[in-house]
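In what follows, a single structure is set out as structure tokens and then discussed.
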Amino acid sequence: MAVGRAAEAVALLGAVSRHPAADVETAAQAAWMAGRAGFLTGDHRQAERDLDRAAELAAERAPSIAVEALLDHANFQHLIHGSRALPFAARARDHAREHAAGVGAALRRKVASAHGYIAYLGADLAGLDEVVRAAREIEDDPEAQLTDVQGTWGALSNHAFAAKWAERFDECEQAFTRVIAAAERAGAIGTLSMLYASRAEFMVRVGRLREAFASVEQARAVKDLAPISERYVAAAQTWLLLLSGDLEECERRCAQVERSASNLSDVGTLIVVWYVRGRRALHEGDLATACAQFDLLDETTQRVGIFEPCLVPFARDAAVAYTRIGRRESAERLVARLEAVSESLPCVWPRIAAATGRALLADDPAVTEAEFATALALHDTTDQPFEKVETQLLYGAWLRRTGRPARARPMLADAAATAAQAGARWLAARAHEELRRADGRRRTTDPPGADPCRDQDRDPGRPGTHQRRDRRTAVDHRQNRGDSPEQGVHEAANVPPRPHSAWCGALNIRGSPPMPA
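With the numbering used here applied, the sequence shown covers 68 to 584.
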């Protein structure tokens, strides 16, 4: 399995588990491992049968194997069914409690953490507390940490993942430092690759794009030793490539992830692709494609119970797309959902997104201005500079359109400077365009004569990466494009939603960009 030959492993382990000479413990362990391999091949039904068989065989004679099988079942199920996999985690937790004498502390801790982690996907704050408790037990125990990292979803890694979504960013960074150090000491390559990729996403959230690229490069350096992590590494890259402005490479990675994740029904990875594509389409003015992607995100996250809105923060972009295309009820539904869930969660972003949505939906300019002011005030309580740039662009564009460009210009200049300094060329280009529309001078923190939206190390003769994607027809594009990236409502009724197969147009594929300094 470690070298990507999971199908062969399924056949071999399945034969061992059913061999008449195998004792109960050997048969159970082989069935457990066959189930793990089966999920990696995408044969979920057979994998579930193998894991259930392992748990049944080992229930009394080898309870630790039974708990391991039940835990793996829960972990794999949450990739497909989100928080709807909680009953599987509860079953593992209950079995570990009932057979505590035969189940070690390390395994019981992993089970408790997995239960809390999956519960938190469903916006259950008690689940986050459960994750934190499990990690705290071993934060000062190096030996226990080495055991914990032998598997992707241990107590330490779950803590880092959940803290990221909870916006406990200092805690999150400490958790990543701790678990990565343990995985490096243990030589847990598969775990390391996933951790590097997830840490890159954390770095994006806090505006440290260069460090995010460095973390992705670490993941890429070890992914050949852990082939199962390849799509997670590619998914982490999509967000980085979008923000840095390498749009062709971003789409290539999106297509790569979509092929792999679709075959395995890996919803957790697919929603990242849909978010990146939807966000790009929205700000290129392709509202039909943007809404189609956000519809997929909305329907899927609701179906699988991913109610933690910060896991993939698409709701604000979706509300923007829906208001621009005239789907007011869809935007109102999203805002109401954000308002409801934000009451019980520690993260600030849902409240920012809800305030922005209310600003977009308001008929009274005084309400719009008050809601934008609320959103900006909330930004001061969380360290997410790229999200603040998005709010500034929306607010500044609204001020410009309502005849107050002088008020918009300082805000837009600040947004442009933040994006340029971080190397977020895609955001910087949008900010400079909006600043130009507000009749402001182009502002940059780059050296004189440098393009703030171009990596200074790139070949100046290389075609820019900010041009729009090829559309099927120029007519479709014009019909569905607003006057500016931050324009108001635009109708797109004549433009049919595109099928999945049409999302990946002919691209001039090129290699990854040089890692920023």
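C-beta: ideal position from N, C-alpha, C; glycine also.
Can you list, in chain order, the residues of its chain with a C-beta nearer than 8 angstroms to that of residue i? Leave out the 5 residues immediately preceding and following it.
i	result
L445	V415, R418, I419 and A422
R128	V91, E92 and A95
R85	A94
A193	G183 and A186
E558	Its pLDDT being 31, under 50, E558 is placed unreliably by the model, and nothing is read from it.
F374	S150, L188, G189, A190, T368 and V408
T469	P432
The alpha helix (DSSP H) spanning residue i covers which residue range?
i	result
F374	Per DSSP, F374 belongs to no alpha helix (DSSP H) and is neither H nor E.
W465	P452 to R468
P87	Careful: P87 lies outside any alpha helix (DSSP H) and carries neither H nor E.
Q217	Where Q217 is concerned, there is no enclosing alpha helix (DSSP H), given that its DSSP letter is neither H nor E.
A483	P472 to A489
L15	Residue 15 is absent from the model: the chain starts at 68 and stops at 584.
S282	L276 to V289
R235	Here R235 belongs to no alpha helix (DSSP H), and DSSP marks it neither H nor E.
L259	I256 to R272
R504	R492 to R504
A438	The question names Ala, but residue 438 in the sequence shown is Glu. That run of the alpha helix (DSSP H) goes P432 to H446.
L124	H111 to A125
Does the Cβ-Cβ distance between residue i and residue j come in under 8 angstroms?
i	j	result
A163	R151	no
A230	C239	yes
F155	A141	yes
V91	S131	no
A442	T458	yes
L364	G393	no
A253	Q217	yes
L310	L494	yes
A82	W99	no
R504	R471	no
L412	G424	no
T305	V283	no
E234	C377	yes
M270	S296	no
H145	S332	no
A279	L314	no
V456	A426	no
S265	F228	yes
Ordered along the chain, which non-local residues of its own chain (more than five positions away) have a Cβ less than 7 angstroms from that of residue i?
i	result
S397	Y389
Q285	Y263
H226	V198, V199, A202 and A242
T367	V334 and I338
G490	L276, R277, S311 and P583
A560	Residue placement at A560 cannot be trusted, given a pLDDT of 29 that sits under 50; what the coordinates show is reported in the next sentence. Cβ neighbours of A560 beyond the five flanking positions: none.
A157	H182
Q113	G105
L213	A249, R252 and A253
N575	Note that N575 scores 30 on pLDDT, short of 50, meaning its location in the model is unreliable; the coordinates nonetheless yield the value given after this. These residues qualify, in order along the chain: E315.
T540	Here the model assigns T540 a pLDDT of 30, short of 50, so the residue's position is not dependable, and the following value carries that caveat. Nothing listed; no residue qualifies.
Enumerate in chain order the residues of its own chain whose CB-to-CB distance from residue i is below 6 angstroms, with the five nearest sequence positions on each side excluded.
i	result
S327	R298
V371	H148, G149, R151 and V334
R103	D139
V542	Caution is warranted here: a pLDDT of 28 is assigned to V542, below 50, making its placement in the model unreliable, and the coordinate value is therefore given only provisionally. Taken in chain order, the list of residues that qualify is empty.
A125	A95, I132 and A133
A302	V324, T336 and V339
Nearest chain D C-beta to residue i closer than 8 angstroms, yes or no?
i	result
E210	Although the question refers to chain D, the structure presented lacks it and comprises just one protein chain.
Tell me whether residue i, by its Cβ, gets closer than 7 angstroms to a heavy atom of the ligand ZN.
i	result
G169	In terms of ligand content, the structure shown is empty, and the ligand ZN therefore cannot be addressed.
The region 212 to 227 contacting the region 178 to 185, beta-carbon criterion three pairs below 8 angstroms = yes
Alpha helix (DSSP H) runs contained entirely in the region 382 to 416, provided each spans 4 or more residues = 382 to 392 and 395 to 409
Can you find at least 3 beta carbon pairs, one from the region 313 to 330 and one from the region 127 to 143, that sit closer than 8 angstroms?
-> no
Pair every Cβ in the region 430 to 438 with every Cβ in the region 476 to 492, then say whether three or more of these pairs are closer than 8 angstroms.
-> no
Can at least three beta-carbon pairs, one atom from the region 269 to 279 and one from the region 442 to 462, be found at a separation below 8 angstroms?
-> yes
Those runs of the alpha helix (DSSP H) which lie wholly inside the region 146 to 182 and span at least 4 residues | 153 to 165
Could you tell me whether the region 370 to 390 touches the region 339 to 351, using the rule of 3 or more Cβ pairs below 8 angstroms?
-> yes
Which parts of the region 312 to 367 are runs of the alpha helix (DSSP H), unbroken and 4 residues or longer, counting only runs that do not cross its ends?
-> 314 to 330 and 334 to 350
Considering only residues of the region 182 to 207, which uninterrupted alpha helix (DSSP H) runs meet the minimum length of 4 residues and lie entirely inside it, listed in chain order?
-> For the region 182 to 207, whole alpha helix (DSSP H) runs of length 4 or above, ordered along the chain, are 192 to 203.
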